[in-house]
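Engineer: For the sequence shown, position 24 matches number 24 in full-length UniProt numbering, and the numbering has no gaps at all.
The beta-carbon is built from N, C-alpha and C at its ideal position, and this holds for glycine as well.
I am attaching a structure below and will ask some questions about it afterwards.
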Amino acid sequence: MAINKEKEMKVVDTTFNIILVFKSLFALFETLAGGALFFVSPGQINGAISWLTGGRVHEHLIAHAMQHFGSGSLASVQLMAAAYLFIHGVVKLLTLVLLWKRVLWAYPLSILVFVGFIVYQTYELVSKHSMVMIFVIIVDILMIVLTWIEYQNMKVSLQKEKKQIPVR
């Protein structure tokens, strides 16, 4: 029975760490992309889109939409996207770093942050019907569940350590 519990905990720990790696990398990318968007002009975005599509933007639905974004008519959207990506990435990175360091109070904080993200992502899903957002929400829900399990395990481990330390 104890062996099965150990195996389950190993699977949870491994899954938690794998998701932590991917979420950390994605948060770093968000932060860098958001920061870069502050310094890139809509014309530069348009040029990059044309270069990436080989000048055949009209043949690519997504590229055409991106070129419209890069046309400058939506510069305020660019600023909003930059701010969102940067702030979202930094907040996520900070909470993930605290989880990496196994700071006990960071576990409930991270759960709260991810719940906040899910609320916003659900709003985005309902208003824009993004299939990608469904995947992001599912990953965040999984992260919350694993963070809760890890938090409970950390508390148990800390209690065991306290019992093993001799009182002087």
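1) Identify, in the order they occur along the chain, each residue of the same chain with its Cβ nearer than 7 Å to the Cβ of N153, setting aside the five sequence neighbours on each side.
2) On the criterion of 16 or more Cβ atoms from any shown chain inside 10 Å, does I45 qualify as buried, or is it exposed?
3) Given I137, which residues of its chain have a CB within under 8 Å of its CB, disregarding the five upstream and five downstream residues?
4) Going straight from the alpha carbon of W32 to that of M143, what length do you get?
5) Does the stretch 17 to 24 come close enough to the stretch 85 to 102 that 3 or more CB-CB pairs lie under 8 Å?
6) Taking just the CA atoms, how far does N4 sit from F86?
7) From G35 to A82, what distance separates their C-alpha atoms?
8) Enumerate in chain order the residues of its own chain whose CB-to-CB distance from M133 is below 7 Å, with the five nearest sequence positions on each side excluded.
9) Between the alpha carbons of T53 and M80, how many angstroms are there, rounded?
10) For the alpha helix (DSSP H) containing S157, list its first residue and its last residue.
11) In chain order, what residues of the same chain lie with their CB nearer than 8 Å to the CB of D140, ignoring the 5 residues before and after it?
12) When the distance is taken between beta carbons, is Y84 closer than 8 Å to E150?
13) Find the nearest neighbour of L158 within the set E30, L109, S50 and V103, judged by alpha-carbon distance.
14) Which class does G35 belong to by DSSP, given the choice of helix, strand or coil?
Structural biologist: In short, the structure shows the following:
1) M9
2) buried
3) I118, Q121, T122 and L125
4) For the sequence presented, residue 32 should be read as Leu rather than Trp. Spanning the two alpha carbons is a distance of roughly 22 Å.
5) yes
6) 42 Å
7) 6 Å
8) Q121, E124 and L125
9) 25 Å
10) M131 to Q164
11) F114, F117, I118 and Q121
12) no
13) V103
14) helix
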